[in-house]
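This report refers to the structure that appears directly beneath it.
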Amino acid sequence: MQSQVACSHISDIKNDEGLKLAAKYFQMASGTFQHLKSLACSPIVDEPTPDLRPDTISALQSLMLAQAQESFFFKVIADNMKDAVIAKVASRTEELYADTLKLMQKESVMHLWERDWVSTVASKQAGFLALAEYYQSLVCKAKKEVGEEIARLQKATEAMKTAESKGILTSEFKDYLPKITHNFEEVKKDNDFIYHARIPDAKSLEPIGKAALAKPIIPGDKMNPNSQDMFGALLPLAVQQAVSAFDLRKTEIVNREKERMQSETQMLNGILASLNLPAALEDTSGNSLPQSIREKAQAVKEKGGMEVVEQLLNELPGLHQRNNEILAECERMLKDEEESDTELRSKFGSQWIRTPSAKLNAPLKNNLSKYAQMVSTAHSADGIVKEKYEKHKDKIALLCLPEEQLTADLPAGSPVASCPSVDRLRALMRDVDALKSEREMLMGELESNAIDMKAKFLSALSSEGNVNEQALSVETLGEVYGPLQKRIQDNISRQEQLVHDIQLANNEFSKEKNNSSSASRREALLCELAAAHDDYMELLGNLQEGSKFYNNLTEILVNFQNKINDFCFARKTEKEEVVKDLQKDIVAATNQPTPLAPPHHNANQKPARPPPPKMGDNATAPPPHNWSYPPTSTDSQQLPQQQTAYPPYPAYPYPYPPVPNAYNPYGQIMMPPFPPAPGYQGQPTYPGGYPYPQQQQQQQPPTGAYPYPQQQYRPWP
1 MQSQVACSHI
11 SDIKNDEGLK
21 LAAKYFQMAS
31 GTFQHLKSLA
41 CSPIVDEPTP
51 DLRPDTISAL
61 QSLMLAQAQE
71 SFFFKVIADN
81 MKDAVIAKVA
91 SRTEELYADT
101 LKLMQKESVM
111 HLWERDWVST
121 VASKQAGFLA
131 LAEYYQSLVC
141 KAKKEVGEEI
151 ARLQKATEAM
161 KTAESKGILT
171 SEFKDYLPKI
181 THNFEEVKKD
191 NDFIYHARIP
201 DAKSLEPIGK
211 AALAKPIIPG
221 DKMNPNSQDM
231 FGALLPLAVQ
241 QAVSAFDLRK
251 TEIVNREKER
261 MQSETQMLNG
271 ILASLNLPAA
281 LEDTSGNSLP
291 QSIREKAQAV
301 KEKGGMEVVE
311 QLLNELPGLH
321 QRNNEILAEC
331 ERMLKDEEES
341 DTELRSKFGS
351 QWIRTPSAKL
361 NAPLKNNLSK
371 YAQMVSTAHS
381 ADGIVKEKYE
391 KHKDKIALLC
401 LPEEQLTADL
411 PAGSPVASCP
421 SVDRLRALMR
431 DVDALKSERE
441 MLMGELESNA
451 IDMKAKFLSA
461 LSSEGNVNEQ
471 ALSVETLGEV
481 YGPLQKRIQD
491 NISRQEQLVH
501 DIQLANNEFS
511 KEKNNSSSAS
521 RREALLCELA
531 AAHDDYMELL
541 GNLQEGSKFY
551 NNLTEILVNF
561 QNKINDFCFA
571 RKTEKEEVVK
581 DLQKDIVAAT
591 NQPTPLAPPH
601 HNANQKPARP
611 PPPKMGDNAT
621 APPPHNWSYP
631 PTSTDSQQLP
641 QQQTAYPPYP
651 AYPYPYPPVP
661 NAYNPYGQIM
671 MPPFPPAPGY
681 QGQPTYPGGY
691 PYPQQQQQQQ
701 PPTGAYPYPQ
711 QQYRPWP
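Heads up: the sequence shown is residues 1 to 717, going by the UniProt record's numbering.
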């Protein structure tokens, strides 16, 4: 980052301020790399990345330093420094670029650089060599050393050509090329015709001095001295726990002592208010309005009087109702979600495997109950505040009256300004004011004591290996708060004696003052007005705290409602996914795959016809069946039993019609009339057959391996 900032400032080499900033940031970048190099060389467990290896960091550090020296080179030119100084600065710049080139050409880091980085560094190294020789030639020219001048210009020319061959020359170097060429040609011509000086060998030239202006600026502990250490508060766990425990002890002591003093102050104020002090001392004339009552009335008016209190009282029911509505909505959402889960659980039974809502929403219900209890408690407090206001609103209304009207409403009293008890009570009231001022100062000291125990706990941890927090805390707290606690106790003890003296003096004052009934009424009314002021301030504070409580609770409840909304939405989404999966399972269970048909259902070839029964003497008759057939009217002649392997058709309750032909074992088939087939010799006949007309028998050869009985057909009747 520092190098990028430096590059943005060096864009204009004629800007003196930019060159200064560029040199500064390049030196800071070089110092940062040097610091990283020292860290990278420290023993580490893992192998560093290529950019953090020592060779890489060394090359980058040298490059930043060379660029810083280059910035100084252009700075000395802009400042019109002597040629000898410029030559030395250029020579140092060339040396730094040469070192950078060697580091960048190492085999371990060569692959890390961009393609033009190495060529640019090489070009700059040769270019600054040429500039160093050029400015040194000007020094020789001033000394009339013509031979050395020619040698240096010749060397500068060769170096500039080398720079041009290594990479692209920038405009700064290109501007010097014609100057070098012109000076070389001119001095060479003068030497050839006039001086005839010997030109020394370039290797024998005296090296140019080097002015190292750029140096690494190593960063300090903080780049910004005003910044805080990010890890300054980071402590060991034992120390952190000890500090937390110490803070609790300290807070407990401070709160306890403050509560003691506040309680004593409230008791003192109550005693003084019951005695109407110091208002009674201000009313010694008996006719004017006491100054304390005047101030109390003015304070009530500045706070807004009764209008502010009544406005706050009227706002409380609306705030309470709003919070109740939010709680009711939260309860409804949780109830609906739980009922939906219960209903689906009873519907799907053991298949409903997601976590029950009653288990998940238990923390939400606990928070809901806690918030409901808070709202209920606040509502009860609202009632107490309202009752208190109704009790004291008449006297508060008197304080809100104009001063003249309030003075007129007070009963007249008797003057007691010259009584000795008045002087005594006034002195005691001054003591009361001093006591209260001291008490406020003690409270300030309690709160302002800042004790840093980190160093002590760290020292104990490093020396003993553990932290005895209790012993160290009690010792330190005793040293710091012990003297304060003694002063607080002394203050409270003096209050007890002061109250006793005030009561005695007030008794004498009351005897001297209460000689008339009007004075007694005036005294009582002044006491009530003083108490009304205190009650008004307390009521106003309670109402403001109540409104703030309700508004803050509303914000908390709205966030709680959003949390419940998110919970219910997530549960609803989960429910829909589970129901969808269950429905898919049910549909998949009902849609069983259709069983495949037997192979013979798909065959196109009909099964072979069964063979006919064997007839003749050697034929084995099948066992008789017990199937019964209905009788037929065949003149008491029975048909032969069926001789087939297939069972007959079931019997019908009515008789078959008479069959006009012989029994067909393959079923009774009605066929159209055909001429009777000619018989062959030896054809078997069925007993009981119907008589047919005698036809001439013809000898026919058998047509198959099995002799089929000749079937006779008869036309349809």
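Beta carbons: idealized from backbone N, C-alpha and C, even for Gly.
Computed from a predicted structure; not experimentally measured.
Task: Which of helix, strand or coil DSSP assigns to R487 - done: Against the sequence shown, residue 487 aligns to sequence position 487. Note: R487 maps to helix in three-state DSSP.
TODO: Apply the 10 Å Cβ neighbour rule to D382 and answer buried if 16 or more other Cβ atoms are within range, or exposed otherwise.
DONE: Residue 382 sits at position 382 when you count from the first residue of the sequence shown. D382 comes out buried.
Open item on the list: For a test of the three-state rule: what should DSSP assign to Y176, helix, strand or coil?
Closed with: As a first step, residue 176 must be located in the sequence shown, where it is residue number 176. Coil, per DSSP.
Task: Any C-beta of chain B under 9 Å from that of S376 - done: Although the question refers to chain B, the structure presented lacks it and comprises just one protein chain.
Task: Contact set for E264: own chain, Cβ-Cβ below 7 Å, skip 5 residues either direction - done: The residue you call residue 264 lines up with position 264 of the sequence shown. In chain order, I492 and Q495 place their CB closer than 7 Å to the CB of E264, counting only its own chain and leaving out the 5 sequence neighbours on each side.
- [ ] Flag this pair as yes or no: are the beta carbons of residue 729 and L235 separated by less than 9 Å?
- [x] With the chain running from 1 to 717 in the structure shown, residue 729 is simply not present.
Open item on the list: Just verifying my parser: in three-state terms, what is the DSSP assignment at D585?
Closed with: Your numbering for residue 585 matches position 585 in the sequence shown. Helix.
Task: Boundaries of the alpha helix (DSSP H) in which A130 is found, first to last residue - done: For this step, residue 130 is matched to residue 130 along the sequence shown. For A130, the uninterrupted alpha helix (DSSP H) run begins and ends at R115 to A142, by DSSP.
TODO: Check each candidate in L461, E107, F549 and E339 and name the one with the smallest Cα separation from L312.
DONE: Numbered from 1 along the sequence shown, position 312 holds the residue referred to as residue 312. The residue with the shortest Cα to Cα distance from L312 is F549.
- [ ] Run the CB neighbour count on F193, radius 10 Å, all protein chains shown included, and call it buried at 16 or more, exposed below.
- [x] In the sequence shown, residue 193 corresponds to position 193, counting from 1. Per the 10 Å Cβ criterion, exposed.
TODO: Check whether the stretch 135-152 touches the stretch 163-175, counting contact only when three or more Cβ pairs, one atom from each stretch, lie closer than 8 Å.
DONE: no
- [ ] Thinking M429 and L275 are a contact (beta carbons under 8 Å), I'd like their distance in whole angstroms, please.
- [x] One-based indexing of the sequence shown puts residue 429 at position 429. One-based indexing of the sequence shown puts residue 275 at position 275. Actually they are not in contact, since the Cβ atoms of M429 and L275 sit about 11 Å apart, beyond 8 Å.
TODO: Apply the 10 Å Cβ neighbour rule to M261 and answer buried if 16 or more other Cβ atoms are within range, or exposed otherwise.
DONE: Taking the first residue of the sequence shown as position 1, residue 261 is located at position 261. Counting Cβ neighbours within 10 Å, M261 comes out buried, since at least 16 surround it.
TODO: Would you identify the three-state DSSP class for C330, choosing helix, strand or coil?
DONE: As a first step, residue 330 is located in the sequence shown; it is residue number 330 there, counting from the start. Three-state result, C330: helix.
Task: Helix, strand or coil at A619 [DSSP, three-state] - done: Numbered from its first residue, the sequence shown carries residue 619 at position 619. Legend: pLDDT at A619 = 48, less than 50; position of this residue unreliable, no value from coordinates given.
- [ ] In angstroms with no decimal places, state the Cα-to-Cα distance between Y389 and L406.
- [x] In the sequence shown, the residue the question calls residue 389 occupies position 389. In the sequence shown, the residue the question calls residue 406 occupies position 406. Distance between the alpha carbons of Y389 and L406: 20 Å.
Open item on the list: Can you list, in chain order, the residues of its chain with a C-beta nearer than 7 Å to that of C568? Leave out the 5 residues immediately preceding and following it.
Closed with: Residue mapping note: residue 568 aligns to position 568 of the sequence shown, counting from 1. Correct list, in chain order: M333 and E337.
Task: M443 in three-state terms, based on DSSP - done: The count along the sequence shown starts at 1 and reaches residue 443 at position 443. In this structure, M443 counts as helix in the three-state DSSP scheme.
Open item on the list: Here's the rule I'm using: 16 or more other beta-carbon atoms within 10 Å means buried, otherwise exposed. How should V558 be labelled?
Closed with: Taking the sequence shown and counting its residues from 1, the one referred to as residue 558 is at position 558. Per the 10 Å Cβ criterion, exposed.
Open item on the list: On the CB-based measure, 16 or more other CB atoms within 10 Å of its CB, does M110 come out buried or exposed?
Closed with: Translated into the one-based positions of the sequence shown, residue 110 becomes position 110. Classification of M110: exposed, given that the 10 Å Cβ count is below 16.
TODO: Under the assumption that K296 contacts L399 (Cβ atoms under 8 Å), give the Cβ distance between them as a whole number of angstroms.
DONE: As a working mapping, residue 296 is identified with position 296 in the sequence shown. As a working mapping, residue 399 is identified with position 399 in the sequence shown. Rounded, the Cβ-Cβ distance is 6 Å, consistent with contact.
Open item on the list: Considering Cα atoms alone, identify which of S119, I208 and N542 is closest to Q105.
Closed with: Within the sequence shown, numbered from 1, the residue matching residue 105 stands at position 105. Nearest C-alpha to Q105: S119.
Task: Helix, strand or coil at Q311 according to DSSP, with G and I counted as helix - done: By one-based count along the sequence shown, residue 311 stands at place 311. Three-state result, Q311: helix.
- [ ] Taking the CB atoms as reference points, tell me whether L472 and A460 lie closer together than 9 Å.
- [x] Stepping through the sequence shown from its first residue, residue 472 is reached at position 472. Stepping through the sequence shown from its first residue, residue 460 is reached at position 460. Result yes, Cβ atoms of L472 and A460 sit closer than 9 Å.
Task: Backbone CA spacing between L129 and T49 [nearest angstrom] - done: For the purposes of this step, residue 129 is identified with residue 129 of the sequence shown, where counting begins at 1. For the purposes of this step, residue 49 is identified with residue 49 of the sequence shown, where counting begins at 1. Within the model, the alpha-carbon separation for L129 versus T49 is close to 35 Å.
Open item on the list: Comparing C-alpha positions only, which one of S108, D116 and R92 sits nearest to A132?
Closed with: As a working mapping, residue 132 is identified with position 132 in the sequence shown. Nearest C-alpha to A132: R92.
TODO: Would you check if the distance between the CB atom of K188 and the CB atom of I150 is smaller than 9 Å?
DONE: Taking the first residue of the sequence shown as 1, we reach residue 188 at position 188. Taking the first residue of the sequence shown as 1, we reach residue 150 at position 150. A contact, by the Cβ cut-off of 9 Å.
Open item on the list: Determine whether the beta carbon atoms of F26 and A211 lie at a separation below 9 Å.
Closed with: Taking the sequence shown and counting its residues from 1, one reaches residue 26 at position 26. Taking the sequence shown and counting its residues from 1, one reaches residue 211 at position 211. Their beta carbons are not under 9 Å apart, which means F26 does not touch A211 by this criterion.
Task: Integer Cβ distance of V121 from Y97, believed to fall under 8 Å - done: Residue numbering aside, residue 121 sits at position 121 when the sequence shown is read from its first letter. Residue numbering aside, residue 97 sits at position 97 when the sequence shown is read from its first letter. About 6 Å separates the two Cβ atoms, so the contact holds.
- [ ] Quick one: measure Cβ to Cβ for S421 and A532, integer angstroms, because I've assumed they're closer than 8 Å.
- [x] For this step, residue 421 is matched to residue 421 along the sequence shown. For this step, residue 532 is matched to residue 532 along the sequence shown. Actually they are not in contact, since the Cβ atoms of S421 and A532 sit about 26 Å apart, beyond 8 Å.
Task: Proximity of V385 and G546 at Cβ, strictly below 9 Å - done: To locate residue 385, count along the sequence shown from 1; it is residue 385. To locate residue 546, count along the sequence shown from 1; it is residue 546. Taking 9 Å as the Cβ cut-off, V385 and G546 qualify as a contacting pair.
Open item on the list: Suppose contacts are defined by Cβ-Cβ distances below 9 Å. Is T100 in contact with S71 by that definition?
Closed with: By one-based count along the sequence shown, residue 100 stands at place 100. By one-based count along the sequence shown, residue 71 stands at place 71. For the pair T100 and S71, the CB atoms are not nearer than the 9 Å cut-off.
Open item on the list: Taking the alpha-carbon of Q4 as reference, which of Q561, K393, H35 and M64 has the nearest alpha-carbon?
Closed with: Against the sequence shown, residue 4 aligns to sequence position 4. Cα-wise, what sits closest to Q4 is M64.
Task: Check whether I199 and Q154 have beta carbons under 9 Å apart - done: On the sequence shown, position 199 is the one that residue 199 refers to. On the sequence shown, position 154 is the one that residue 154 refers to. Cβ atoms of I199 and Q154: closer than 9 Å.
- [ ] Note the first and the last residue of the continuous alpha helix (DSSP H) segment covering H379.
- [x] Here residue 379 corresponds to residue number 379 of the sequence shown, with the count starting at 1. Segment A362 to L399, the alpha helix (DSSP H) holding H379.
Task: contact_flag[the stretch 523-539, the stretch 448-455] where n(CB pairs < 8 Å) is 3 or more - done: no
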